Structure formats: C-alpha cells, structure tokens
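Sequential numbering from 2 applies to the sequence shown in my numbering. The structure appears below as structure tokens.
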Amino acid sequence: MDENAFHDWLITCFGKEQGDAVWQQISQLPDSIREQLLSQDPSTLPNPAEVQQLMNAFTVGGLNTVNEMQQTMQDGPINIKLAKSLALQRANADGSRTTVSAEEGAAVRKAMSEANLWLDSACEFAPPSGDPQALTRAGWVEGTLDAWAKFAAPIAASMGDALASVISERLGDSFNGEIAGMFAGPVPIPIPEGMKDPAQLIKLLGNTSFAMQLGHAAGVLSREVHGGFDQGIALLSNPAGALIAQNVEEYATSLNSNVEDSFGNISEEETAADAKTDKADADASAGEQHSAMDAQTEALFNEIVQPDPIPQDEVMTFLALREAAHARLFSAVPWLMPRFEALIGKYARGISIDLDAMEEQLRDAESLDPDSISNAVNLTKVGIPDTPEQREAMASIESLLALVEGWVDCVVWRAGMAHLPHIEQLTEMARRERATGGPAERTFESLLGLELRPKRMREAADLWSMITAADGLEARDAKWTHPDMLPSLDGGANGTAPNSQHPTDPPSGGNDWDAELSKLLGEEDS
C-alpha cells in the first residue's frame, strides 16, 4: 500500500491533527512492523465513515476521559449509552425513516382501534390505559433498549467478573501488576493513570464489548420487529403497545413477494417439464393441443390454489390484533412481567463461566487485543450450559412464553376470523417466525444465553381453544389470576389432554407445518 494513501486514510478517519499524530507514531515503529502494516490490501481497511461512527459512539458512551470511564463502570456492567448510540446508528441507516408520516400514524391508529374493538368480544381483559404508538425503528430502540439491558445486566456482571478473574489470577503476573500501554493493531495506545490495574481495564473492555454487541443486535432487530411485544414480553414503557410503521409495510410487501416467488418457481418447473414433453412428442398437432391443455390447467390451478395478494392494511390489522392482545394480557395480569424477570434472573444466576475457555479466548490478552475481549463475552463460547438451575428456569420460561403466545393466538383468531380473509396464512407465518427466530434474535441469545422463543406455542393455542370451547371466555381468562391456576402443557387443563377443538378455532392437527416445525426445532412430535 502506498504510504500517502494510508496517511490520507488516517486523516479521513481521525481528522487532520489526530491523523497526522497517528502517522507520526507509525513512522517511529520498527521497519519490520511498519512494512507489515503497509503491505496489507487497502480494501481491508475499515470504511472511514464507520470508523467515525464508532468514535462518535464512544464519545457518547462516556469513554473520553478517565473520569468518564470510571463513572461508566460505576453505572453498571453494561455501557447503556454506548449500546444505545450504536443501536440508533444501525436503526437509522440504509433508508430508515426518521419520522412517522401523518398517513402512517393514521393507519396505525385505525388498525389498533379496530383491533381493540374486535378483541372486546374475544377476551375479558380491557385495553390498557394510554394510546398505542406508531414508531420509527429508532423509536423502538429508544423505547426497548433499557429493558434489554436490564435482562442482560446479571449476565454481563458475571462475564465482567470472570474476565477480571482471568486477568488478575492467571495473567496478572505477566503485567507485573500494571499495564503501561496497549495495542489496537500496531499503534501503541498509552494507558492513563487510574486505569493501569489489569482487572479494572479488563472490566472496562468487557463492559464496552458487551455494550457494542448489545447495541449491534438491538439495531439489527429494530429492522425486523413489528411491535413492542414481538419477543413475547413487555419491553416498551407504553402499556398500550406500538407498531413500527415502516417494518409493517415492508413485511406486507415481503409476504406477497414470497408467495409470488413460490408460484413463479412452480410455473417455471411446469414450463420446463412441458418443454421436455413437447420435444419428445412426435406429433406436432398433438403437442399444440397438449400445450393448450396445459395452459388451461395452469390457469385453473392458479385460480383455485394460488393465494390472492394480502392487502397491506389487512397485514397491519392482523399485527395490531397481536399487539393489542399482548397489551391487554400484560396490563391485566400484574404478576406476568415480574414473573418473566424473576425467571430470567434465575437463569442468569445459574450461568457458570468456563475460565479455561475464557482464557483460551483471551490467549492474546498480553496485548489486550479487543477482538479477544469481544469473543470472550459470547456465552456460546464460554458459558457452561445446562446447569440444574438453568434447566429449571428455562423450562419455566418456555412454558410461560408458550402459554402467553398460545393465548394470544387463540383470542386473535376469534377476534379476527370474521374480518380478515387471510387470517390462517398470517397466523401460520407468525407462528413459524416466532418459533424459529432470526439472526438478530440469535445474537441476543449469545448475550443472554437463552432463547426467548416458545417451543410449544401450537400446543398451547389448542389448549386455550379447548378451554374456551368447554368453559367460555370468562373462565379461560380467569386462569391468569394466579400462576398456579394456569393450565399445564404436559397434561392440559385439569390434567386433560387438549384433544378437542372448537369449530371456529384454527385448524392445527394433521398439518404438514406441524411436522416441519417440529423437525426444525429438533423436538419430538407431540
């Protein structure tokens, strides 16, 4: 790489003064190191805009001075300001809308109003106080990140303590009790007075790295979620819920695109098969008749089988029904969210850190490589899974999540079946998405160490439908009065298996989706 090009890149990233200062440091490095640095491919250098965004995030995150760093560590095991800054950068990138238009706001309010009107006849719970919101992606980040950080805090604290333990007990002697400097690549960075204790510095790096992963995951998730209850728990401070207008619009478009692509592939396969048959047919006139018949058959097939495009307003109303149903449940059942918090906390307390695995992740810690620190906070690499406490807590979380989502499925179906022509397709898609999760949710799993996904949602929906048919809405919803009154997924309500189904409830038995979903989740078919 040309030296001038690298010098220009530094100035672009850090500005004239700081860029020249870094260049002077590089010029004083040994020739072998400098030559190695300049021999790399220029295309591997980070985008200057991304470097500037990261530096701005660190500034917002309170990492400019020693006093700010010490205050950040005192504020908790996660640098929430840094996480939020990074999440907002991601949420606002690549065409994200920074405001909700009047038209979008009116559409969300109309959908939520209709949803609450229909839910009045499908459940006993009243709508919560306040008005539902129409949010941007950034608004969702602002409204939910504190809740995510609250869930992650016990785990982050354990990880930070383990990181400090590895450094102080296993690597501390190599520093002689004090760190004089660190390396971010080949550029030496002096460590200021007050931050030279290895354990303190590692805690800060762990705090920062955890925040960076949390912020990245929240930013990506903000582009996937539809409302405030997509993870099955209450994350927003507004009890009435919300919809992310842009995400709902893009979700409706993607649903119809997937349908068109699926049938387009079928048509292409049929066309290829027809062409092969026509070529083998020696009689030209018979071939023409065959093609004409195939065209008629395809048209009839598409007319009967191919689903109509789902209107965007129907998709929004369906998602509004789910959001409003969740909001009613969490508002009417005061013990529900504290129960989730207690179970997640119990799971976090049961996590043990494999110090040997962490030491392996930190094997280059003598240079305090931030990449090593980042890898070390990934619970999938250093957490010890399946302790008795975790298994017990995980079983309770999965069961409670399934009962919540199953109840929502049940009441949404009853509320919307007379109004939404495509409710069956929309319900099935929602179930599959909740059960499988996406890339961002898997990122959260590496931070929290657990899946916030119900694995028996379909069974729970059938159970709630059976209870509704047998006992009525009032008796069904009264089971949320106390945790001990909830039905058991292992034996159904009062020990009875959910073997009956009301004629107005969604079909679930004998469905190919069931086998596919069970296979996907690695579960036995129940």
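Idealized CB from N, CA, C, for every residue including glycine. Please read these numbers as outputs of a predicted model, since none were measured by experiment.
**Asked** How is the beta strand (DSSP E) around Ala112 delimited, first residue to last?
**Response** The residue labelled residue 112 in the question sits at position 111 within the sequence shown. It is not in any beta strand (DSSP E) - Ala112 instead sits in the alpha helix (DSSP H) that spans 103-120.
**Message:** Let me check you understand the geometry: is the CB of Lys82 closer than 7 Å to at least one non-hydrogen atom of the ligand FMN?
**Reply:** You won't find the ligand FMN in this model; it holds no ligand whatsoever.
**Message:** Within a Cβ cutoff of 7 Å, which residues of the same chain sit near Arg435, ignoring the five residues on either side of it in sequence?
**Reply:** By 1-based counting over the sequence shown, the position of residue 435 is 434. Short of 7 Å from the beta carbon of Arg435, and not among the five residues preceding or following it, lie these beta carbons of its own chain, in chain order: Glu406, Arg454, Pro455, Met458.
**Asked** For Gln19, which of helix, strand or coil comes out of DSSP?
**Response** Start at 1 with the first residue of the sequence shown, and residue 19 comes out as number 18. Three-state result, Gln19: helix.
**Message:** Since Ala135 and Ala243 should fall inside the 8 Å C-beta cutoff, what is the C-beta to C-beta distance between them, to a whole number of angstroms?
**Reply:** In the sequence shown, residue 135 corresponds to position 134, counting from 1. In the sequence shown, residue 243 corresponds to position 242, counting from 1. Their Cβ separation, rounded to whole angstroms, is 7 Å, which keeps Ala135 and Ala243 in contact under 8 Å.
**Prompt:** With a CB to CB cut of under 6 Å and the five nearest residues on each side skipped, what residues in its chain are close to Ala212?
**Reply:** Here residue 212 refers to the residue found at position 211 of the sequence shown. For Ala212, where only same-chain residues beyond five positions count, the Cβ hits under 6 Å are Ile79, Asn80, Leu83, Ala84.
**Check whether Gly438 and Glu324 have beta carbons under 8 Å apart** = Position 437 of the sequence shown holds residue 438. Position 323 of the sequence shown holds residue 324. No.
**Request:** Work out the CA separation of Thr318 and Ile311 for me, nearest whole Å.
**Result:** What you label residue 311 is simply residue 310 of the sequence shown in a count that begins at 1. What you label residue 318 is simply residue 317 of the sequence shown in a count that begins at 1. When rounded, the distance between both Cα atoms is 11 Å.
**Message:** So within the stretch 399-446, which uninterrupted alpha helix (DSSP H) runs reach at least 4 residues, ignoring any that extend past its ends?
**Reply:** 424-437
**Message:** Excluding the 5 residues flanking Gly511 on each side, which residues of the same chain have their C-beta closer than 7 Å to its C-beta?
**Reply:** Residue mapping note: residue 511 aligns to position 510 of the sequence shown, counting from 1. Only weak support exists for where Gly511 lies, its pLDDT of 38 falling under 50; the coordinates are left without a value.
**Prompt:** Considering only residues of the same chain and omitting the five flanking positions on each side of Ile305, which have a CB-CB separation below 7 Å?
**Reply:** Reading the sequence shown from its first residue, position 304 is the one you call residue 305. Note that Ile305 scores a pLDDT of 48, beneath 50, so its modelled location is shaky; the value from the coordinates is reported in the next line. Excluding positions up to five away in sequence, the list is empty.
**Request:** Give the C-beta separation of Glu125 and Leu474 to the nearest angstrom, bearing in mind that I take them to be a contact with Cβ-Cβ under 8 Å.
**Result:** Along the sequence shown, one-based indexing puts residue 125 at 124. Along the sequence shown, one-based indexing puts residue 474 at 473. Contact between Glu125 and Leu474 holds: their C-beta atoms lie close to 6 Å from each other, under 8 Å.
**Prompt:** Grouping DSSP H, G and I as helix and E and B as strand, with all else coil, what is Ala135?
**Reply:** The residue given as residue 135 occupies position 134 in the sequence shown. Three-state result, Ala135: strand.
**Spatial distance of Ser332 from Ile27 (CA atoms)** = Looking up residue 332 in the sequence shown gives position 331. Looking up residue 27 in the sequence shown gives position 26. Straight-line Cα distance between these residues: approximately 59 Å.
**Request:** Starting from Leu244, follow the alpha helix (DSSP H) in both directions and report where the run begins and ends.
**Result:** In the sequence shown, residue 244 corresponds to position 243, counting from 1. No alpha helix (DSSP H) contains Leu244, which is instead part of the beta strand (DSSP E) from 243-245.
**Asked** In whole angstroms, what separates the C-alpha of Leu421 from that of Asp314?
**Response** Stepping through the sequence shown from its first residue, residue 421 is reached at position 420. Stepping through the sequence shown from its first residue, residue 314 is reached at position 313. Taking the straight line joining both Cα atoms gives about 10 Å.
**Request:** Assuming Pro129 contacts Arg329 (C-beta within less than 8 Å), just tell me the rounded distance between them.
**Result:** Against the sequence shown, residue 129 aligns to sequence position 128. Against the sequence shown, residue 329 aligns to sequence position 328. Confirmed, Cβ separation roughly 7 Å.
**Request:** Closer than 6 Å by C-beta to Pro371: which residues in its own chain qualify, once you throw out the five before and the five after it? Chain order, please.
**Result:** On the sequence shown, position 370 is the one that residue 371 refers to. Because Pro371 sits at a pLDDT of 41, beneath the cut-off of 50, its placement in the model cannot be relied upon, and the following sentence gives the value as read from the coordinates. So no residue of the chain qualifies.
**Request:** Reducing DSSP to helix, strand and coil, say where Gly140 ends up.
**Result:** As a working note, residue 140 is residue 139 in the sequence shown. Three-state result, Gly140: helix.
**Buried or exposed (CB count within 10 angstroms, at least 16 for buried), Ala157** = If you number the sequence shown from 1, residue 157 lands on position 156. Classification for Ala157: buried.
**Prompt:** How many angstroms separate the CA atom of Val412 from the CA atom of Asn239?
**Reply:** The residue you call residue 412 lines up with position 411 of the sequence shown. The residue you call residue 239 lines up with position 238 of the sequence shown. Using only the alpha carbons, I get a separation of about 22 Å.
**Asked** How about Leu39 and Glu4: do their beta carbons lie closer than 8 Å?
**Response** Within the sequence shown, the letter at position 38 stands for residue 39. Within the sequence shown, the letter at position 3 stands for residue 4. Taking 8 Å as the Cβ cut-off, Leu39 and Glu4 qualify as a contacting pair.
**Asked** Secondary structure at Ser489, three-state DSSP: helix, strand or coil?
**Response** Here residue 489 is taken as the residue at index 488 of the sequence shown, counted from 1. Strand, per DSSP.
**Asked** If you drop the 5 nearest sequence neighbours on each side, which residues of the same chain put their C-beta closer than 7 Å to that of Gly140?
**Response** For the purposes of this step, residue 140 is taken as residue 139 along the sequence shown, with counting starting at 1. Around Gly140: no qualifying Cβ.
**Asked** CB His327 to CB Val409, shorter than 8 Å?
**Response** Counting from 1 along the sequence shown, the entry for residue 327 is found at position 326. Counting from 1 along the sequence shown, the entry for residue 409 is found at position 408. Contact flag set, yes.
**Request:** State the Cα-Cα distance for the pair Gly216 and Ala471, rounded to the nearest angstrom.
**Result:** In the sequence shown, the residue the question calls residue 216 occupies position 215. In the sequence shown, the residue the question calls residue 471 occupies position 470. Between Gly216 and Ala471, the C-alpha separation is close to 47 Å.
**Whole-angstrom distance between Leu11 and Glu18, CA atom to CA atom** = As a first step, residue 18 must be located in the sequence shown, where it is residue number 17. As a first step, residue 11 must be located in the sequence shown, where it is residue number 10. The alpha-carbon atoms of Glu18 and Leu11 are separated by roughly 10 Å.
**Request:** Counting only the same chain and skipping the five closest in sequence on each side, list residues whose C-beta sits under 6 Å from that of Glu399.
**Result:** In the sequence shown, residue 399 corresponds to position 398, counting from 1. Only Lys456 meet the Cβ criterion.
**Item:** Outcome for Asn48 when other beta-carbon atoms lying within 10 angstroms are tallied against a minimum of 16
**Value:** Within the sequence shown, numbered from 1, the residue matching residue 48 stands at position 47. Residue environment: Asn48 is assigned as exposed (fewer than 16 neighbouring CB atoms within 10 Å of its CB, all protein chains considered).
**Request:** Go through its chain and collect everything with a Cβ distance to Asn93's Cβ below 8 Å, but skip five positions before and after it.
**Result:** In the sequence shown, counting from the first residue as 1, residue 93 sits at position 92. Hits under 8 Å: Thr99, Arg138, Ala139.
**Prompt:** Rounded to a whole number of angstroms, what is the C-alpha to C-alpha distance between Asn117 and Arg477?
**Reply:** The residue labelled residue 117 in the question sits at position 116 within the sequence shown. The residue labelled residue 477 in the question sits at position 476 within the sequence shown. Cα to Cα, the separation comes out at about 19 Å.
**Prompt:** Where does Ser353 fall in DSSP's three states?
**Reply:** Locating residue 353 in the sequence shown gives position 352, counting from the first residue. Ser353: strand per DSSP, three-state reduction.
**Asked** If you draw a straight line from the C-alpha of Glu460 to the C-alpha of Leu146, how long is it?
**Response** In the sequence shown, counting from the first residue as 1, residue 460 sits at position 459. In the sequence shown, counting from the first residue as 1, residue 146 sits at position 145. Distance between the alpha carbons of Glu460 and Leu146: 31 Å.
**Between the CA atoms of Phe15 and Gln29 - distance to the nearest angstrom** = As a working mapping, residue 29 is identified with position 28 in the sequence shown. As a working mapping, residue 15 is identified with position 14 in the sequence shown. Each residue's Cα considered, the two are about 19 Å apart.
**Item:** Rounded separation between Met160 and Leu401 - CA only
**Value:** Along the sequence shown, one-based indexing puts residue 160 at 159. Along the sequence shown, one-based indexing puts residue 401 at 400. Answer to the nearest angstrom: the Cα atoms are 27 Å apart.
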